[in-house]
Ligand SMILES: Cc1cc2nc3c(=O)[nH]c(=O)nc-3n(C[C@H](O)[C@H](O)[C@H](O)COP(=O)(O)OP(=O)(O)OC[C@H]3O[C@@H](n4cnc5c(N)ncnc54)[C@H](O)[C@@H]3O)c2cc1C
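Numbering (my numbering), first residue to last: 222 to 730.
Here is the structure:
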């Protein structure tokens with residue numbers, strides 16, 4: 222089989238040695254899926270040929286762009302014995318439009334590369350980034366409907382034309398991309414007729430080989446905002462006021478994050494083993510049977526929540542007026558509120574909030590690892606344990622409190638730290654991202670962490686809070702549809718990919 226793929230992509234681009242395969246089979250939690258080979262096509266024609274060959278050979282392909290899906294499965298396919306189709310060699314940026322603000326990227330284009338591309342051209346635009354790896358891909362992130370940090374973003378309408386290779390080897394261009402001489406292809410996310418971009422996200426219906434993405438204009442006035450409440454009980458009032466600020470347009474969609482102290486601590490440093498050992502000596506009744514866990518309230522008496530967002534305005538006058546309005550709403554419901562200008566270099570394009578990818582957040586996956594942080598982060602290699610659980614929550618204080626209390630209690634019961642963060646997607650919807658972080662080297666921790674994740678996901682669903690994104694281990698975890706929806710998805714898959722050539726099991730049962 223490897224030889225047949227070599228005939229298409231060249232033998233240097235087919236990897237079948239056991240060490241490399243083992244590495245690709247490793248993610249930040251325990252999995253059992255094996256990979257038959259890794260095939261790295263160099264162009265779209267080779268991808269078409271691979272798809273046809275896969276059908277002939279009765280093997281499934283699992284396309285990845287850069288494979289940095291840490292905490293959700295990395296490069297590991299949903300099912301066993303797939304061939305991983307690694308698209309990272311396709312890494313061109315084209316079709317950059319400096320007036321309208323868009324560019325077209327291939328799967329191997331990373332957040333870092335896109336940032337550098339725009340910086341080199343002194344672009345007035347930036348491409349919003351994530352808190353994950355700078356070496357993650359724009360396309361993989363968009364196809365997962367990931368959350369990038371930036372104003373006026375929308376996951377689906379932020380992409381216009383997609384180029385997609387279907388399971389039968391055909392190629393389609395979505396939006397207006399299938400019309401000769403269309404002038405508005407890059408600008409128009411919707412085209413005419415059924416809008417299909419969404420069906421290629423969180424799905425297994427095609428291999429996306431190009432995506433045109435809309436960029437965000439750099440602000441003329443920019444101020445970052447930090448706020449804090451020292452007690453969880455104050456969250457409902459805070460949530461209400463943030464919702465109003467977004468509804469009023471003072472704070473933009475996709476710019477506000479709210480983190481608990483465990484999440485901040487995990488990003489800042491290592492697990493405070495010595496402090497906890499000390500505490501346990503003082504209070505032997507508090508001794509924990511399976512490993513140490515940090516309960517901040519026992520140590521500091523407090524578990525504050527920290528918020529950040531920014532003002533992104535057309536002028537100083539508008540920005541200052543916006544600040545006053547935000548101040549009038551948040552001052553009375555926070556214990557700390559700060560507004561700060563970013564310095565000159567930040568305004569030139571540095572800073573996560575203005576599109577500069579940064580890797581410091583990855584340190585949080587090393588929270589429970591012993592020893593020093595490595596020079597380069599690779600949580601798969603370093604056997605960091607991390608599993609995300611990601612429910613969507615209505616933007617209402619009561620829902621937020623209910624979900625936090627439930628999640629914290631369950632995670633603490635398993636002796637992990639409740640590492641929780643919210644992201645304000647719109648004024649209606651909050652994404653909650655819960656990271657279960659542990660050390661894979663420790664006996665039984667893989668099992669315990671997955672049990673904790675599964676129980677959490679299942680119980681949140683029972684409470685009515687469904688995930689907005691799934692890890693490879695949980696593609697079967699959604700309950701059956703109460704109508705014909707599951708059957709509708711099956712009909713789509715059967716029509717487009719009857720032989721299960723592309724990513725079997727991904728976001729389908
Ligand atoms: C500390 C930390 C912080 C993070 N912060 C964020 C964040 O702020 N926002 C966020 O969204 N995520 C975040 N993540 C999660 C994750 O790292 C990112 O979503 C990242 O973009 C995924 O990696 P990738 O882009 O290389 O995608 P890939 O791993 O390449 O792709 C993800 C999946 O999409 C499918 N896919 C990829 N490419 C194609 C293609 N061309 N055709 C068809 N299917 C394809 C595959 O099934 C693949 O497994 C974070 C992770 C960590 C560890």
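Each residue gets a CB set at the ideal place from its N, CA and C atoms; glycine is no exception.
Mind checking whether residue 533 and residue 440 have CB atoms under 8 Å apart?
Taking the first residue of the chain shown as position 1, residue 533 is located at position 312. Taking the first residue of the chain shown as position 1, residue 440 is located at position 219. Yes; because the gap between Cβ atoms is below 8 Å, this pair is in contact.
Could you give the distance in angstroms between the alpha-carbon of residue 671 and the alpha-carbon of residue 253?
As a working mapping, residue 671 is identified with position 450 in the chain shown. As a working mapping, residue 253 is identified with position 32 in the chain shown. Cα-Cα distance, rounded: 13 Å.
Count the C-beta pairs between the stretch 263–277 and the stretch 424–441 that are closer than 8 Å, then say yes if the count reaches three, no if not.
yes
Straight-line gap, residue 604 to residue 452 (C-alpha atoms, nearest Å)
For the purposes of this step, residue 604 is taken as residue 383 along the chain shown, with counting starting at 1. For the purposes of this step, residue 452 is taken as residue 231 along the chain shown, with counting starting at 1. Using only the alpha carbons, I get a separation of about 34 Å.
Assess, as a yes-or-no matter, whether the stretch 273–293 is touched by the stretch 397–412 under the definition of 3 or more beta carbon pairs within less than 8 Å.
no
Three or more C-beta pairs under 8 Å: does that hold for the stretch 332–339 against the stretch 296–310?
no
Boundaries of the alpha helix (DSSP H) in which residue 675 is found, first to last residue:
Position 454 of the chain shown, counting from 1, holds the residue named residue 675. Start and end: 666–683.
Taking the alpha carbon of residue 247 as the point to measure from, which residue in 660, 602, 379, 258 has its own alpha carbon closest?
Taking the first residue of the chain shown as 1, we reach residue 247 at position 26. It is 602 whose Cα lies nearest to the Cα of residue 247.
For residue 506, is the classification buried or exposed, using 16 other Cβ atoms within 10 angstroms of its Cβ as the cut-off for buried?
If you number the chain shown from 1, residue 506 lands on position 285. Low local confidence applies: a pLDDT of 46 at residue 506 is under 50, so the model's placement there is unreliable, and no value is given.
Taking the continuous alpha helix (DSSP H) assigned at residue 482, which residues delimit it?
Position 261 of the chain shown, counting from 1, holds the residue named residue 482. Residue 482 -> alpha helix (DSSP H) spans 482–489.
Is it right to say residue 370 is buried, meaning 16 or more other beta carbons lie within 10 angstroms of its own, or is it exposed?
As a first step, residue 370 must be located in the chain shown, where it is residue number 149. Under this definition residue 370 is a buried residue.
Just to confirm, does residue 480 get its C-beta within under 7 Å of one of the non-hydrogen atoms of ligand 1?
As a first step, residue 480 is located in the chain shown; it is residue number 259 there, counting from the start. No; taking the cut-off as 7 Å, the Cβ of residue 480 has no heavy atom of ligand 1 nearer than that.
Could you check where the alpha helix (DSSP H) with residue 305 kicks off and where it finishes?
Here residue 305 is taken as the residue at index 84 of the chain shown, counted from 1. Per DSSP, residue 305 belongs to no alpha helix (DSSP H); it is in the beta strand (DSSP E), 303–307.
Start-to-end residues for the beta strand (DSSP E) that takes in residue 282
Walking along the chain shown from the start, residue 282 turns up at place 61. From DSSP, the beta strand (DSSP E) with residue 282 extends over 282–285.
Quick check: the Cα distance between residue 232 and residue 226, rounded to an integer number of angstroms?
Within the chain shown, numbered from 1, the residue matching residue 232 stands at position 11. Within the chain shown, numbered from 1, the residue matching residue 226 stands at position 5. Their backbone Cα atoms lie some 8 Å apart in a straight line.
May I have a chain-ordered list of the alpha helix (DSSP H) segments no shorter than 4 residues that lie completely inside the stretch 353–381?
359–364
Cβ of residue 284 versus every heavy atom of ligand 1: is any distance shorter than 7 Å?
As a first step, residue 284 must be located in the chain shown, where it is residue number 63. Checking the Cβ of residue 284 against ligand 1 gives yes.
Residue 293 Cβ short of 7 Å to ligand 1 heavy atom set:
Counted from its first residue, the chain shown places residue 293 at position 72. Yes, Cβ of residue 293 sits closer than 7 Å to a heavy atom of ligand 1.
Cβ neighbour criterion (16 or more within 10 Å) applied to residue 279:
Taking the chain shown and counting its residues from 1, the one referred to as residue 279 is at position 58. Under this definition residue 279 is an exposed residue.
May I ask you to report which of helix, strand or coil DSSP gives residue 554?
The sequence position of residue 554 within the chain shown is 333, counting from 1. Helix, per DSSP.
Indicate whether the contact test is met: 3 or more Cβ pairs, each with one atom in the stretch 694–703 and one in the stretch 721–730, closer than 8 Å.
yes
I'd like to know whether the C-beta atoms of residue 587 and residue 443 end up nearer to each other than 8 Å.
Numbered from 1 along the chain shown, position 366 holds the residue referred to as residue 587. Numbered from 1 along the chain shown, position 222 holds the residue referred to as residue 443. Cβ atoms of residue 587 and residue 443: not closer than 8 Å.
Nearest-angstrom Cα separation, counted from residue 526 out to residue 420
Here residue 420 is taken as the residue at index 199 of the chain shown, counted from 1. Here residue 526 is taken as the residue at index 305 of the chain shown, counted from 1. For residue 420 and residue 526, the distance between alpha carbons rounds to 36 Å.
From this set, 592, 578, 614, 229, which residue's C-alpha is nearest residue 337's C-alpha?
In the chain shown, counting from the first residue as 1, residue 337 sits at position 116. Of 592, 578, 614, 229, the residue nearest in Cα terms is 578.
Opposing strand residues paired with residue 526 [DSSP bridges]:
Numbered from its first residue, the chain shown carries residue 526 at position 305. Partner(s): 450, 481.
Bridge partners for residue 256 per DSSP, in chain order?
The residue given as residue 256 occupies position 35 in the chain shown. Answer is 303.
Closer than 7 Å: is that where the CB of residue 358 sits relative to any heavy atom of ligand 1?
Here residue 358 refers to the residue found at position 137 when the chain shown is read from its first residue. Within the cutoff, so yes.
Output the distance between the C-alpha atoms of residue 568 and residue 575, rounded to the nearest integer angstrom.
Here residue 568 refers to the residue found at position 347 of the chain shown. Here residue 575 refers to the residue found at position 354 of the chain shown. Residue placement at residue 568 cannot be trusted, given a pLDDT of 48 that sits under 50; the coordinates are not used to answer.
Under 7 Å Cβ to Cβ from residue 509, same chain only, skipping five residues before and after it: list those, please.
Your numbering for residue 509 matches position 288 in the chain shown. The pLDDT assigned to residue 509 is 40, lower than 50, so where the model puts this residue is not dependable; a value taken from the coordinates is nonetheless given after this. Correct list, in chain order: 636.
Who pairs with residue 562 in a beta bridge, going by DSSP?
Taking the chain shown and counting its residues from 1, one reaches residue 562 at position 341. The partner list for residue 562 (beta bridge, DSSP) reads 444.
Would you say the beta carbon of residue 238 comes nearer than 7 Å to a heavy atom of ligand 1?
As a working mapping, residue 238 is identified with position 17 in the chain shown. Not so, every heavy atom of ligand 1 lies at least 7 Å from the Cβ.
As an exercise, report each continuous beta strand (DSSP E) stretch of at least 3 residues that is fully enclosed by the stretch 640–665, in chain order.
640–645, 650–660
Taking the beta carbon of residue 465 as the centre, do at least 16 other beta carbons fall within 10 Å, making it buried, or is it exposed?
On the chain shown, residue 465 is found 244 positions in, with the first residue counted as 1. It is exposed - the Cβ of residue 465 has fewer than 16 other Cβ atoms within 10 Å.
How about residue 410 and residue 380: do their beta carbons lie closer than 8 Å?
For the purposes of this step, residue 410 is identified with residue 189 of the chain shown, where counting begins at 1. For the purposes of this step, residue 380 is identified with residue 159 of the chain shown, where counting begins at 1. Yes, Cβ-Cβ distance for residue 410 and residue 380 is below 8 Å.
Distance, residue 321 Cα to residue 565 Cα
Sequence index remark: in the chain shown, residue 565 carries index 344 (1-based). Sequence index remark: in the chain shown, residue 321 carries index 100 (1-based). Per-residue confidence for residue 565 stands at a pLDDT of 46, beneath the threshold of 50, marking its modelled position as unreliable; the derived number appears in the next sentence. Going from the Cα of residue 565 to the Cα of residue 321 covers about 25 Å.
For residue 392, which option in 539, 426, 298 has the closest C-alpha, if you only look at C-alpha atoms?
The residue you call residue 392 lines up with position 171 of the chain shown. Nearest C-alpha to residue 392: 426.
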